[in-house]
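Student: In numbering that gives the first Met the number 0, the protein residues as written are 0 to 271.
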Amino acid sequence: MTHPLVTQEQIEAYQRDGVVLVRGLFKDHVERLRAGVARNMAEPSQYGAENLKPGEAGRFFDDYCNWERIPEFETVIRHSAAGEVAADLMGANSVQVFHDHVLVKEPGTSKPTPWHQDGPYYFVEGTQTVSFWSPLDPVREASLRCVAGSHRWPKPVLPTRWLSEENFYADSDAYIPVPDPDAEGMDIREWGMEPGDAVAFNYMTLHGARGNNATTRRRAFSLRLVGDDARYVERPGRTSPPYPGHGMSAGEKLREDWFPTVFQRGATRDVG
0 MTHPLVTQEQ IEAYQRDGVV LVRGLFKDHV ERLRAGVARN MAEPSQYGAE NLKPGEAGRF
60 FDDYCNWERI PEFETVIRHS AAGEVAADLM GANSVQVFHD HVLVKEPGTS KPTPWHQDGP
120 YYFVEGTQTV SFWSPLDPVR EASLRCVAGS HRWPKPVLPT RWLSEENFYA DSDAYIPVPD
180 PDAEGMDIRE WGMEPGDAVA FNYMTLHGAR GNNATTRRRA FSLRLVGDDA RYVERPGRTS
240 PPYPGHGMSA GEKLREDWFP TVFQRGATRD VG
């Protein structure tokens, strides 16, 4: 039996297209997440970044791996429906946290989020992966854009650094160049969204976002989760997030003390 927020049609679409919209996933947690984002921006971690070059208008802030130090994020991760919905979409029995990610585009930030797949940046691989991207402000122009079916491409897209636009790994032979989905006529999915709605997408789904030329902020909270078949994998360079000192070996499940299980099929789920 699936969570009431998810239909069988959505599960099939997620498996086929690598992306689906889940209305209202975090609607009961919007104010809590807004408070968490404010705390995060006031107290960035070592990974906090400003993603604009000198002279570019606006502000594009992002930061990740903060849920253990920001109580608002931990409450939402552990007590929202996200874990169960993720299990339904992935077809998994258990769900582990990988990390959280905050992305804020202030009004007048014309810079788009570059097209990329998350998977090549990460040290985890598996068919059971999901990212939830949830705006905390009404979104029209600055919504997330995903290329349907790109999670099934035979080769991954080369990861690049958002600010410098350099290749993330020196050895790029195993990757394809970043495509231009608009110019190439790809099947791009995007939606107008209300606070608490969430786009769910596979780690290997190509995605990006438009700039924010609106007069209002665009705060977004992302939550990255993995299922039963996710395993640690070696990359040809430093991953993002790096998680120094993790001590895992290729082929191992992610260590539970760093990446705890937040949903287990058959267990009682906390709500709040």
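All C-beta atoms in this analysis are idealised placements derived from N, C-alpha and C, irrespective of residue type, glycine included.
Rounded to the nearest angstrom, what separates Q127 and D62 at their Cα positions?
Tutor: 24 Å
Student: How should T204 be labelled, buried or exposed, when 16 other C-beta atoms within 10 angstroms of its C-beta is the threshold for buried?
Tutor: That one is buried.
Student: Which of the three DSSP states, helix, strand or coil, is assigned to F258?
Tutor: coil
Student: For a test of the three-state rule: what should DSSP assign to L135, helix, strand or coil?
Tutor: coil
Student: Would you give the residue range spanned by the beta strand (DSSP E) that A219 belongs to?
Tutor: Note, A219: beta strand (DSSP E), 217-225.
Student: Put F59 into one of helix, strand or coil per three-state DSSP.
Tutor: strand
Student: Skipping 5 residues on each side, what residues in its chain have a beta carbon closer than 8 Å to that of S93?
Tutor: Once the five neighbours on either side are set aside, the close Cβ partners of S93 are A86, G226, D227, T260, F262, Q263, R264.
Student: If we call anything under 8 Å between Cβ atoms a contact, is L88 one with Y13?
Tutor: A contact, by the Cβ cut-off of 8 Å.
Student: Are three or more beta carbon pairs between the region 146-153 and the region 100-107 nearer than 8 Å?
Tutor: These segments do not touch.
Student: From the DSSP output, in three-state form, read off M192 for me.
Tutor: In this structure, DSSP gives M192 an extended state, which the three-state scheme calls strand.
Student: By the DSSP assignment, the alpha helix (DSSP H) with F72 in it spans what residues?
Tutor: 70-78
Student: Going by C-alpha distance, which of A197, P178, K110 is nearest R223?
Tutor: A197
Student: For the beta strand (DSSP E) containing A199, name the first residue and the last one.
Tutor: 197-200
Student: Which runs of the beta strand (DSSP E) fall wholly inside the region 93-121 and span at least 3 residues, in chain order?
Tutor: 93-104, 112-115
Student: Quick check: the region 211-222 against the region 130-147, are at least 3 beta-carbon pairs closer than 8 Å?
Tutor: yes
Student: Helix, strand or coil, according to DSSP, for V232 in the structure here?
Tutor: coil
Student: If you run the structure through DSSP and keep just helix, strand and coil, what is V177?
Tutor: coil
Student: Taking the alpha-carbon positions, what's the I10 to Q116 distance?
Tutor: 21 Å
Student: Under 8 Å between the Cβ atoms of G184 and S133?
Tutor: no
Student: Determine the closest residue to H100 out of V123, P180, H245, F72, with distance taken between C-alpha atoms.
Tutor: F72
Student: L24 and A91: beta carbons closer than 8 Å?
Tutor: no
Student: For E30, count neighbouring C-beta atoms within 10 Å of its own C-beta (all shown protein chains included) and say buried if the count is 16 or more, exposed if not.
Tutor: exposed
Student: State the DSSP-derived secondary structure class of E164, mapped to helix, strand or coil.
Tutor: coil
Student: How many angstroms separate the CA atom of R254 from the CA atom of W161?
Tutor: 29 Å
Student: Quick check: the Cα distance between V146 and P243, rounded to an integer number of angstroms?
Tutor: 32 Å
Student: E193 and P137 look like a contact to me (Cβ under 8 Å); what is the Cβ gap, rounded to whole Å?
Tutor: Rounded, the Cβ-Cβ distance is 6 Å, consistent with contact.
Student: Please state whether DSSP places N39 in a helix, a strand or coil.
Tutor: Residue state, collapsed to three classes: helix.
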